[in-house]
Structures are given as structure tokens and as C-alpha cells.
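Just so we're aligned: the sequence shown equals residues 1 to 148 in the working numbering.
Input: a single structure, listed below in C-alpha cells.
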Amino acid sequence: MTVTVKISRQLFAQSFEQLRCCGAGRRECQALWVGPWSDPELITRMVHPTHSASAGGFQLDGAWLTHFWTELGEAGEGVRVQVHTHPGAAYHSATDDAFPILAVPGFLSLVIPRFATGDIGFDAAFLAQLDDAGRWSEVSIHDHLEII
Ligand SMILES: [Zn+2]
């Protein structure tokens, strides 16, 4: 099953801005791409979770997360893609593999290198997808994400 997730140029740029601004070139940050269940391919908003972070990782706030799941449920929305930054190269670390915000087959995880301080785009970015057996594997950004 290949779903191509579509995100507007504006939301994509907003995500980069968020990752840069919060991370300040020194800390990781996460952005969540959310869309309605009625249109699983469309991203309609970007959410910046409440989190703590260091140069080597980030941790979501538990109370925020509980509230967020309730809010999504009531709105009929779901998280389509988790996006986060790395200090250097983008890849999926053991921690990234072990602690996705959501563990459903087909879920996408985008990693942006250098705290998102580079050009806004997919240069040197890394995309992983969760398969039916709960394993992550790298997939083509071109095949799974489209900026519209
Ligand atoms: Zn942040």
C-alpha cells in the first residue's frame, strides 16, 4: 500500500520554521503533520508538541500528549507523519525506531538533518515507514510525500 501524503508549501515551510526556531541550532525538535480521517492523504495542519529537548533527543510532555489524543479523536483527525530534526545526518536511530508517537502500519517518520538549518526541502532528509510487522524501513520521499 503506497499512500502519497500531500502537504501545502506553506505548511511545509511553517514546519521548517518551527523546527529551526525551537531548536535554535542546538536542540532537536518535533513537528506533527495532522489531517482528517476523511481524507487520509491530506495534511491540514502542523502541530508543535510540548516537549523537552537536547542536542541528542527530545521527549514529549505526557499531559500534553493525553490532551492531544483526545483533541484529535474529537476532531476526527490523525497524525500522518512525525517529523523531527537531528544534529547531523538524518537517519532513523534506535530510539526513533523504538518510540514512534504512533505505531500503525504505514506510519511515516521524516528526519531533517542539521536541526533544519539548511534549505527548506528534502535535501539529505530521511523518510522511514512502519511495516505490518512493526519494523521501520527507509522509503522514497518522492513516492510518499508531495508538496502541493
Ligand atoms: Zn520544538
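Glycine included, each C-beta is placed from N, C-alpha and C at the ideal position.
Any non-hydrogen atom of ligand 1 within 8 Å of residue i CB
i, result
"Gly56", "no"
"Ala53", "yes"
"Leu19", "yes"
"Pro49", "yes"
"Gly78", "no"
"Gly23", "yes"
"Gln14", "no"
"Gln30", "yes"
Cβ-based neighbour list, residue i, same chain, cut-off 8 Å, excluding 5 preceding and 5 following
i, result
"Asp61", "Pro49, Thr50, His51, Ser52"
"Asp143", "Thr2, Thr4"
"Ile43", "Val5, Lys6, Ile7, Ser8, Leu11, Trp33, Val34, Gly35, Arg80, Val81"
Unbroken beta strand (DSSP E) run spanning residue i, endpoints
i, result
"Phe126", "126–130"
"Arg45", "45–47"
"Ser52", "51–54"
Same chain, Cβ closer than 7 Å to residue i, neighbours up to 5 away in sequence not counted
i, result
"Asp132", "Pro105"
"Ile141", "Phe122, Ala125, Leu127"
Residue i versus residue j: straight-line alpha-carbon distance, rounded
i, j, result
"Ser54", "Asp39", "35 Å"
"Pro113", "Ser137", "18 Å"
"His67", "Asp119", "33 Å"
"Val139", "Thr70", "30 Å"
"Asp96", "Phe107", "13 Å"
"Ala103", "Phe115", "24 Å"
"Thr117", "Arg26", "10 Å"
Extent of the continuous alpha helix (DSSP H) to which residue i belongs
i, result
"Phe68", "62–75"
_Three or more C-beta pairs under 8 Å: does that hold for the segment 15–24 against the segment 35–50?_
yes
*asked:* Is it the case that the segment 70–89 contacts the segment 22–37, given that we only count it when at least three CB pairs across the two stretches are under 8 Å?
replied: yes
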